[in-house]
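Protein chains in written order, with our numbering: chain A, 8 to 1099; chain B, 2 to 419. Think of the CB as a built atom: it goes at the ideal place given N, C-alpha and C, for glycine as much as any other residue. Owing to the predicted nature of the structure, the values given are computational and were not obtained by experimental measurement.
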Amino acid sequence: MSSNSFAYTEQSGGGETAELGQEATSTISPSGAFGLFSSDLKKNEDLKQMLESNKDSAKLDAMKRIVGMIAKGKNASELFPAVVKNVASKNIEIKKLVYVYLVRYAEEQQDLALLSISTFQRALKDPNQLIRASALRVLSSIRVPIIVPIMMLAIKEASADLSPYVRKNAAHAIQKLYSLDPEQKEMLIEVIEKLLKDKSTLVAGSVVMAFEEVCPDRIDLIHKNYRKLCNLLVDVEEWGQVVIIHMLTRYARTQFVSPWKEDDGLEDNEKNFYESDDELKEKTEDRKKPYSMDPDHRLLIRNTKPLLQSRNAAVVMAVAQLYWHISPKSEAGIISKSLVRLLRSNREVQYIVLQNIATMSIQRKGMFEPYLKSFYVRSTDPTMIKTLKLEILTNLANEANISTLLREFQTYVKSQDKQFAAATIQTIGRCATNISEVTDTCLNGLVCLLSNRDEIVVAESVVVIKKLLQMQPVQHGEIIKHMAKLLDSITVPVARASILWLIGENCERVPKIAPDVLRKMAKSFTSEDDLVKLQILNLGAKLYLTNSKQTKLLTQYILNLGKYDQNYDIRDRTRFIRQLIVPNEKSGALSKYAKKIFLAQKPAPLLESPFKDRDHFQLGTLSHTLNIKASGYLELSNWPEVAPDPSVRNVEVIELAKEWTPTGKAKKENPAKKFYSESEEEEESSDSSSSDSESESGSESGEGGGSEEEEDSSEDSSEGSSSEEESESGDESEAENKRMATRNSKNKGKSDTEDGKKKNEKSKTSGSSDADSSSIESSSDSESESESEYESRKTTKEIGKQTKQDRNLLTKDVSLLDLDDFNPISTPVVLPTPALSPSLIADLEGLNLSTSSSVISVGTPVFVPGKTHVLLHRMSGKGLAANYFFPRQPCIFGDKMVSVQITLNNTSDRKIENIHIGEKKLPVGMQMHVFHPIDSLEPEGSITVSMGIDFCDSTQTASFQLCTKDDCFNVTIQPPIGELLLPVTMSEKDFKKEQGMLTGMNETSAVIIAAPQNFTPSMVLQKVVNVANVGVVPSGQDNIHRFAAKTVHSGSLMLVTVELKEGSTAQLIINTEKTVIGSVLLRELKPVLSQG
Amino acid sequence: MIHSLFLINCSGDIFLEKHWKSVVSQSVCDYFFEAQEKAADVENVPPVISTPHHYLISIYQDKLFFVSVIQTEVPPLFVIEFLHRVADTFQDYFGECSEAAIKDNVVIVYELLEEMLDNGFPLATESNILKELIKPPTILRSVVNSITGSSNVGDTLPTGQLSNIPWRRAGVKYTNNEAYFDVVEEIDAIIDKSGSTVFAEIQGVIDACIKLSGMPDLSLSFMNPRLLDDVSFHPCIRFKRWESERVLSFIPPDGNFRLISYRVSSQNLVAIPVYVKHSISFKENSSCGRFDITIGPKQNMGKTIEGITVTVHMPKVVLNMNLTPTQGSYTFDPVTKVLTWDVGKITPQKLPSLKGLVNLQSGAPKPEENPSLNIQFKIQQLAISGLKVNRLDMYGEKYKPFKGVKYVTKAGKFQVRT
């Protein structure tokens, strides 16, 4: 591919610019050195050269500069051909930067962008989940319509990926594809439906996001997943939580009946916001019905509560709005504390939270009353925060706290921030109207403010007083007189207009002042603001009607002035008033009513909160903040009158298991189950019968399929791929599986006991091995004796069967046993493995001698250390703990493998399901035979499983994932060098002979110094076998100890000699072809032998 | 969700842009500039602005505006919280969140933004995970990189991303295993003219610095957990344990993080450690005024109060101030009209005071309100709420960690009205 694009650039060298359509470059490209653009072009030329160089560092440099250009918003699109061919670069950083570039410019250069697609398609199949995920990310971010089908395919595939991380990315890709081509909606909904069933917390948030974007109306998709989402919520990452909570809020409003009915009577004003009047009536009628909350409704409310403690303000707000919108009113109180806590955060968070509190506090004062003081204003707050706090304080004001509040307001009025001071005056006005007890006090206070030095304050006071007076048709002659005097000093138009209006309105109460004011105004009419002029006209008209004797001439003068005013509104008004009040022939019937028209009782203005009308938006949304319906805003529906069928949310376990197949997980967990279903059927059956039968059938399918196919498939199944195979076979038709299952279990039931006995006897033939096995049993105390015995019997039986068959059929090595039908047993049998293996080996030894030369025969381990290593800590494993140890048995899964036993403990308080091995990350050549998935592990339960790992005679770590139903944990096993050996029995003569052949390069030695008591034969023996799995070679001399072993993978001999010298020294010699292992072993043994 | 991000400095230059969906032209920022002009003060730029086709949600942090472009309905807090997380990540990576630092590390910034959002939806925001994906720049690494040509980009998926404890990476190893907790309490208070407390509450946080190998499981218990009125937790804390036993049980992230933040309710009487005597007066019709403040200790539990700073925003008409401090030094900025008095420690024998004359603009009316005093102070080894850590236990690992707890009380938003 890279050569392709290279050719492309070469060819386009001359005429490229025309193709790219870059105007600037096209004019200059032929000569390359024209005017202003030349330097720019040159610079890019040099970037191109760098990109074409062979050195990664030059490329990286170039890419970094290009990204710098993109970041600054400069156009770098002409470099596209040069950049795109680096898409397959080996260097990860270059690759990432190329991705950045591609995503930015692909839309503009669609044809060229297509060149990169194949790279991503290839990467989508990569074994590394990170690479798969990032390929999907970039592929779906390239907004090129041609590749829509490719994207669709990739998304479908990724949505069934084993890795939850890839599935998460698939969910993101859904939204991208939808925005690119909305016609794919139907197909995408299918994928969403599938992903919604995903149990991973990683996926949940992203898929709900996709759901909200693509098909928010398909609420039916949520039903089955509702409970799961509620339960997962706490563990989902914080951003996902926000999205899910918002979605569930909407869901709850459509699916449950209102929990508010009972408090209807108490909070009447609230009702109006949510229900129209008709509905209200209906509600009150059937209020008598007792209300009981749907358990699912309760579940949601309960499970979101801990999230109020989140550190993420968005999560807290989301929960708060959920409680506000769907919880019973009595319970919503708990959110106020958390919301108040958010007020300590930065100003942007404060701004949004205060807005929402403002809306809430209008409807339910009580919620925030205890936190009144938290809304006190500091002089350092930004103005927008101050006004919001003021708003809330106003909403919270009541008879009890108004005096405290007014005192507080007094401080605010004096604030240097005049805008804020003005807002405070408004607030005082509102308090005065809302609480009649303090109206007079407020009015007096406001009048005092009229003597304030600051004009804005005075003006605002005038306006507010005007409103207050209008509301109280009581005599306030004094105040009006005072205000009339102010006209001389005050200049703010609104205030002047307000005073004039007031005087006009009350002109009969202040008969002496009013005409004088008009006189003054007539004088200054031409210089007044339009707003004031209109009021002067009004005043004139009113006076003309009430006191025409004194003011007739004045009014006419004013009307004349108004007639020639520049502003057409004023001219208009003048004409209108003149016609109306000045009686002449033409004037119609209206002039008779002029007085009524001008001096009518005017309704008092309502001083309302600006947040009054916000409540129809869902809290916490953008629409609520802006008080405009934002695009994409989803209305919160009203509660349904009758709850829809709640049973739609019921989820049968069996159904889930079936639906889960895409990831292959469910099938894998089944085989393990089978064991319980046989041996522990009674206990298990109490669990859930449906899941039991299901899993049984699944497991049997694995077995049944295997037993028929085992002969042919023996080879490849030993390659450690059996788990995959298993899941495939599991996909086969359900019916067939069941049929097979029944048949199998019948057979087994019959032959069980007698066969087992027979085999047991057989296993006794090798006495020594029996002894060993018992030592192991005692060392691992995780399971009860009887059970393990039973299990071992069963296994041995199986093996017995198998071996017989083998003898007849083939003469291959041990790996033969690694067959499909055998696997299921290995899982629970784990513990017994030590007991079984020796016998197995003994049985097989007859067949299997090909591995090494005649002198060497694999012996049984002399000693098995009980030391276990931690595979997965219970803390990191969310309650699942795993330890591993090396039983030092030849591996039953393959002769080049080291057997490893893993003990799984469930330390959590709930059942852990589907424990299996996920993705493996093994160094080249390394292989691994995984254990069979464990269906479920009860709390406090433990289970031991065995697996085989071919370490290729190296101490490299085997990394893999230990997965449960919901999680994947990355774990590693690193073998001590001593466990990569198998003990070998040989005579002293053979030993010497072999040693003679392994000298020179193949020999490493060291001198050890230690106290003599450490060199007793038993001590040496114990120490050596503790470190390494070696066999003891009988020795003629007392002072020489010999040990022999072979490496597991290559079968190379490993001869260890400890020769005790005089005093307290000893010579340690290791002879082996594998010198690396030899020297490592030497290094391990040395300190052990020398210490006390 | 988040469509694009623009970073804008104080002088209004857009110095970085990043788009997660199709490209949005820079001109969309004009609406922002318009709002900024209208607001006069950077603090007052509304965080949410509506434009004909987009919505702009912005934050202001460290003298930079982070302006995000939104196209459809989204909880505004979601975006705001995320933007703050971005700013914090820059701070974490480059030591400062400034224009220069971002410009110098533009490639890392871009890689970070690429990882943090996918199609506008947050992907990885946990610092521990990001650091595994993209290594923070250090001088040593940049030298090594320039020689070897290796990169800052990690090539494996962070283990945390997939485990149940996304905040902690696996395989942490330290030679010295240490766990430090800083209990920091801030007193928010408004004191009125007469010296009585209008409002006071304690806001506390416990910041942790954990350097422990392996997968330690810690539990931290308090002598008096009931004090904590309202708590918010780092996601690592097991909520159920707290509910039932009032014990903080958690597997910590590696490094520095905020474990909890809490509030001690104002119902409990909050001890106010300092008092201020003040007399500020401006004479009518003369161009000067008097300024006299004295600070003294009060309810300080026998601890010294240190690091005292008094900041006063003087009224606009003040031209200059001519003061003499008995202790510390003062500055007055005639442009911003901010008086700062750096006092230092209080010794009860001789109370620090600041006295002198205020020069006012002649002819201007005298300011009618006295400025309020903002006070900063610090008391070491004291948590003013009385909160005490009882013990820290570690499970799951065998070694013995070194443990330490430090208490500090500071003034938060501590304001004295005059």
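Check, Outcome
"Please list the terminal residues of the continuous beta strand (DSSP E) segment that includes residue 264(B).", "256-265"
"If you draw a straight line from the alpha carbon of residue 369(A) to that of residue 403(A), how long is it in whole angstroms?", "8 Å"
"How is residue 1009(A) classed by DSSP in three states: helix, strand or coil?", "helix"
"Three-state secondary structure (DSSP) at residue 841(A)?", "Since pLDDT at residue 841(A) reaches only 39, below the 50 mark, its modelled position is unreliable, and no value is offered."
"Please check the pair residue 417(B) and residue 374(B), which I expect to be a contact at CB under 8 Å, by giving their CB distance rounded to whole angstroms.", "4 Å"
"Pick from 924(A), 1096(A), 204(A), 432(A): whose alpha carbon is nearest that of residue 414(A)?", "432(A)"
"Which chain B residues sit within Cβ distance under 9 Å of residue 562(A)?", "None at all; the shortest Cβ gap to chain B is about 38 Å."
"Exposed or buried, what is residue 136(A) when buried is set at 16 or more other beta-carbons lying within 10 Å of its beta-carbon?", "buried"
"Classify residue 608(A): buried if its beta carbon has 16 or more other beta carbons within 10 angstroms, exposed otherwise.", "exposed"
"Which same chain residues, not among the five before or five after residue 172(A), have their C-beta less than 7 Å away from its C-beta?", "136, 140, 209"
"Strictly under 9 Å for the Cβ-Cβ distance: is residue 414(B) near chain A by that measure?", "yes"
"Would you tell me roughly how many angstroms separate the C-alpha atoms of residue 624(A) and residue 359(A), rounded to the nearest one?", "14 Å"
"According to DSSP, simplified to helix, strand and coil, what is residue 891(A)?", "strand"
"Can a CB atom of chain B be found closer than 9 Å to the CB of residue 313(A)?", "yes"
"Is there at least one Cβ from chain B nearer than 9 Å to residue 344(A)'s Cβ?", "yes"
"So the candidates are 547(A), 1096(A), 1049(A), 1016(A); which of them puts its Cα closest to the Cα of residue 1070(A)?", "1016(A)"
"Between the segment 972-988 of chain A and the segment 878-893 of chain A, do at least 3 Cβ pairs fall closer than 8 Å?", "yes"
"May I have a chain-ordered list of the alpha helix (DSSP H) segments no shorter than 4 residues that lie completely inside the segment 441-488 of chain A?", "446-456, 462-478"
"Going by the beta-carbon positions, is the gap between residue 185(A) and residue 169(A) smaller than 9 Å?", "no"
"Does any CB atom of chain B fall closer than 9 Å to the CB of residue 29(A)?", "Caution is warranted here: a pLDDT of 39 is assigned to residue 29(A), below 50, making its placement in the model unreliable, and no coordinate value can be reported."
"Could you list which residues in chain B have their beta carbon closer than 7 Å to that of residue 358(A), in chain order?", "48"
"Give me the Cα-Cα distance between residue 1024(A) and residue 1000(A), rounded to the nearest whole angstrom.", "23 Å"
"Could you check what DSSP says for residue 613(A) in three-state terms: helix, strand or coil?", "coil"
"Out of 254(B), 72(B), 376(B), 170(B), point me to the one whose CA is closest to residue 311(B)'s CA.", "376(B)"
"Comparing the C-beta of residue 119(B) with each C-beta of chain A, is any distance below 9 Å?", "yes"
"What are the boundary residues of the beta strand (DSSP E) that includes residue 190(B)?", "179-192"
"Start and end of the beta strand (DSSP E) containing residue 210(B)?", "198-212"
"Go ahead and label residue 28(A) buried or exposed: buried means 16 or more other beta carbons lie within 10 angstroms of its beta carbon, across all protein chains shown.", "Reliability fails at residue 28(A), whose pLDDT of 39 lies under 50, so the model's placement of it is uncertain and the value that follows must be treated cautiously. With fewer than 16 other Cβ atoms within 10 Å, it is exposed."
"Would DSSP call residue 257(A) helix, strand or coil?", "helix"
"Can you say whether residue 455(A) is buried or exposed, counting buried as having 16 or more other CB atoms within 10 angstroms of its CB?", "exposed"
"Grab the span of the beta strand (DSSP E) containing residue 375(B) for me, first residue to last.", "374-381"
"Can you find the residues in the same chain that come closer than 6 Å, C-beta to C-beta, to residue 250(B), ignoring five residues on each side of it along the sequence?", "220, 239, 242"
"What first and last residue would you give for the beta strand (DSSP E) that runs through residue 935(A)?", "934-936"
"Does the beta-carbon of residue 410(B) have 16 or more other beta-carbons within 10 angstroms, so that it is buried, or is it exposed?", "buried"
"By Cβ distance below 6 Å, which residues in the same chain neighbour residue 173(B) in space, the five residues on each side in sequence not counted?", "214, 255"
"Would you kindly check if the distance between the Cβ of residue 322(B) and the Cβ of residue 359(B) is under 9 Å?", "yes"
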